[in-house]
Amino acid sequence: MDESSDEVLDKNVSEVLGEINEKPVIRDCCRVGLKRPGTTRPVKFTLTSADMAKQVLKKAKLLRSKEGYKTIYLCPDRTVEERRASKKLWEELKTIRKSEPSKVHVIRNKRIVSSEREIVSAISDNN
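Numbering (the numbering used here), first residue to last: 5 to 131.
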């Protein structure tokens, strides 16, 4: 979300969540970090219930397929320790992806899972 001096964050967040067919009640919404020219600060928002937050996070990956929302990511609030563990896991994932490009590697349940890449070949009729 682009940052402007007269923005209404609640409205912007509601619009993004509407793209994944969720209309939760937003309790609080603010930008975090220092304002710097040429950068957009992340938005932190709080919902009224943990169940609603889980529901929104489950659907967050749907934003990647929506035009204009591909660069918006939703993630849960994490403790410092959780952030360090997550960063370490992502770095490990990058290393594995470079060393074994023939496989698909993803993070599931705080572990790296690998599987063989499916190769789809096109068969054409030359009649």
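Ideal placement from N, C-alpha and C gives every residue a C-beta, glycine not left out.
Taking contact to mean at least 3 C-beta pairs separated by less than 8 angstroms, is the stretch 12 to 27 in contact with the stretch 60 to 68?
Yes, the stretch 12 to 27 touches the stretch 60 to 68.
Over what stretch of residues does the alpha helix (DSSP H) that includes K102 continue unbroken?
Here the alpha helix (DSSP H) through K102 covers 84 to 103.
With DSSP as the reference, label K58 as helix, strand or coil.
Of the three classes helix, strand and coil, the one that applies to K58 here is helix, per DSSP.
Verify whether the separation of the beta carbon atoms of C34 and K48 is less than 8 angstroms.
Contact flag set, yes.
Using the beta-carbon count (16 or more within 10 Å), is V17 buried or exposed?
Buried.
Which residue from I111, P28, S119 puts its Cα closest to that of E104?
Comparing Cα-Cα distances from E104 to each of I111, P28, S119, the minimum goes to S119.
How is D32 classed by DSSP in three states: helix, strand or coil?
Three-state DSSP puts D32 in a strand.
Residues in the same chain with beta-carbon distance under 7 angstroms from T1, minus the five sequence neighbours each way, listed in chain order, please.
The question about residue 1 has no answer here: the residues shown for the chain are numbered 5 through 131.
Classify V108 as helix, strand or coil using the three-state DSSP reduction.
Strand, per DSSP.
Which of the three DSSP states is assigned to K39 in this structure?
K39: coil per DSSP, three-state reduction.
Grouping DSSP H, G and I as helix and E and B as strand, with all else coil, what is V12?
V12 falls in the coil class under three-state DSSP.
Report buried or exposed for L51, applying the criterion of at least 16 other Cβ atoms within 10 angstroms of its Cβ.
Buried: at least 16 other Cβ atoms inside 10 Å.
Alpha carbon to alpha carbon, how far is L78 from A54? Give it in angstroms, no decimals.
Roughly 15 angstroms separates the two Cα atoms.
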